[in-house]
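Working notes for the structure below.
Printed below as a string of structure tokens:
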């Protein structure tokens with residue numbers, strides 16, 4: 001025993017290195033096993049949907065996935081194939097995957113896709129891909145399609161603010177993606193708010209998470225130019241942006257209207273109810289259900305409704321959050 005202790009004392013550097021490598025290996029293997037177990041659990045849930053019988057005149061649900069291969073440092077395709085795609089196929093969905101090759105391609109697809117092509121649209125990417133798809137949809141002239149189509153989100157991008165506000169369990173990336181894919185399988189829906197951004201020139205764009213304006217945000221679009229800096233390209237981008245635009249000061253005038261919960265100005269009075277005469281056979285039929293009373297806003301007065309307020313700001317960064325993210329932060 002003394003020889004063993006002596007040997008370890010003489011080679012303590014190797015011991016530390018071996019212990020660190022062993023601890024890392026054990027942790028890596030444990031994480032991989034947990035991820036496999038998570039995938040197995042969600043595959044069983046998806047398989048239960050796939051085993052349900054269809055009627056003779058019923059077709060499988062069609063899902064069109066718009067996948068951005070460049071998202072998340074080009075890890076998007078691998079994450080989709082390992083975590084989301086198996087659930088879709090086990091559930092019996094008719095899946096069509098469209099891999100975008102350039103910016104704006106998903107937006108262009110929204111003009112030509114129809115209800116005969118798909119029952120739902122799934123966005124596999126980050127906030128940028130989500131905003132692109134929503135902008136393309138809301139620019140369509142056929143608004144009936146927009147009202148009838150559902151959009152699913154798979155958090156496969158580098159920034160997934162909207163998906164983070166929808167799904168609460170985001171600690172494990174694998175569980176987060178599987179939970180999002182299963183929500184598409186189950187057809188779970190919830191409404192969200194959108195922001196419309198209209199400039200002095202150009203078309204309106206839409207966002208569901210936030211609007212950010214700063215010199216550092218502008219620098220994000222140029223970081224690919226400094227690829228020759230390798231892993232330091234992100235830091236160099238911000239350093240160079242600071243040198244070029246110092247001090248990083250923004251001046252703006254904000255114009256806003258406070259929200260109103262409903263008053264005589266903004267709410268349209270309901271049309272008067274027409275009393276229908278019942279025939280002589282009406283006594284054989286059950287009485288009609290009583291309608292829920294409609295709130296009368298005619299006597300509610302809100303002096304601030306529709307009043308435009310202006311505010312001059314001087315800041316280094318301006319961020320406007322949508323209600324989707326704001327509710328998540330307040331909860």
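Residue numbers (UniProt numbering): 1 to 331. Virtual Cβ for every residue (Gly too), placed ideally from N, Cα, C. Since the model is a prediction, treat every value here as computed from it, not as a measurement.
Need the endpoints of the beta strand (DSSP E) that residue 187 sits in, please. Element bounds for residue 187: n/a, residue is neither H nor E.
Burial state of residue 324 (16 or more Cβ within 10 Å): Looking at its Cβ environment, which holds 16 or more other Cβ atoms inside 10 Å, residue 324 is buried.
Quick one: measure Cβ to Cβ for residue 84 and residue 181, integer angstroms, because I've assumed they're closer than 8 Å. Rounded, the Cβ-Cβ distance is 4 Å, consistent with contact.
Report buried or exposed for residue 127, applying the criterion of at least 16 other Cβ atoms within 10 angstroms of its Cβ. With at least 16 other beta carbons inside 10 angstroms of its own, residue 127 counts as buried.
Sufficient close CB pairs (3 or more, under 8 Å) joining the stretch 300-320 to the stretch 136-145: No: the two stretches stay apart, fewer than three of their Cβ pairs being nearer than 8 Å.
Starting from the Cα of residue 204, find the closest Cα among 186, 162 and 139 and give me that residue. Distance check between residue 204 and each of 186, 162 and 139 places 139 closest, using alpha-carbon atoms only.
3 or more residues per run - each beta strand (DSSP E) lying fully within the UniProt domain "DAGKc" (58-201): Complete beta strand (DSSP E) runs here, min 3: 62-67, 94-99, 120-125, 150-155 and 195-197.
Measure the Cβ-Cβ separation of residue 113 and residue 66 and say whether it is below 7 Å. Cβ distance not < 7 Å, so residue 113 and residue 66 don't count as in contact.
Beta-carbon spacing of residue 214, residue 317 below 7 Å: A Cβ-Cβ contact shorter than 7 Å links residue 214 with residue 317.
Judging by CA-CA distance, which residue of 151, 256 and 197 is the nearest neighbour of residue 210? It is 197 whose Cα lies nearest to the Cα of residue 210.
By DSSP, does residue 308 sit in helix, in strand, or in coil? Collapsing the DSSP output to three states places residue 308 in a strand.
Same chain only: Cβ atoms within 6 Å of residue 389, ignoring 5 sequence neighbours per side: Here the chain covers residues 1 to 331 and nothing more, so residue 389 does not appear.
Would you grab the beta carbon distance between residue 150 and residue 189 for me? Rounded to a whole angstrom, and I think it's under 8 Å. Taking C-beta atoms under 8 Å as the contact rule, residue 150 and residue 189 qualify, at a distance of about 6 Å.
Using CA coordinates, which residue listed in 253, 183 and 240 is at the minimum distance from residue 168? Of the residues 253, 183 and 240, the one whose Cα lies closest to the Cα of residue 168 is 183.
Between the beta-carbon of residue 315 and the beta-carbon of residue 254, is there less than 7 Å? The answer is no: Cβ separation not under 7 Å.
According to DSSP, is residue 236 part of a helix, a strand, or is it coil? Here residue 236 sits in helix by DSSP.
Under 7 Å, do residue 72 and residue 129 count as touching if we go by C-beta distance? Against a cut-off of 7 Å, the Cβ pair of residue 129 and residue 72 comes out as no contact.
Proximity below 7 Å, CB of residue 100 to CB of residue 64: Contact: no.
Please go through the same chain and pick out, in chain order, the residues whose beta-carbon is closer than 8 Å to the beta-carbon of residue 115, but skip the five residues on each side of it. For residue 115, same chain residues with a beta-carbon under 8 Å away, outside a window of 5 residues either side, are 145, 148 and 149 in chain order.
Does the stretch 74-94 come close enough to the stretch 42-62 that 3 or more CB-CB pairs lie under 8 Å? At 8 Å Cβ cutoff, the stretches touch.
Check residue 214 in the structure and name its three-state DSSP category. Strand, per DSSP.
Using the DSSP secondary-structure output, state which residues sit across from residue 314 in a beta bridge. Paired residue(s): 251.
In whole angstroms, what is the alpha-carbon distance linking residue 152 and residue 17? Going by the C-alpha atoms only, they are around 46 Å apart.
Who pairs with residue 300 in a beta bridge, going by DSSP? Partner residues in a beta bridge of residue 300, as assigned by DSSP, do not exist.
Determine whether the beta carbon atoms of residue 223 and residue 237 lie at a separation below 7 Å. Yes; because the gap between Cβ atoms is below 7 Å, this pair is in contact.
For residue 218, which option in 245, 40, 70 and 120 has the closest C-alpha, if you only look at C-alpha atoms? Comparing Cα positions, the closest option is 245.
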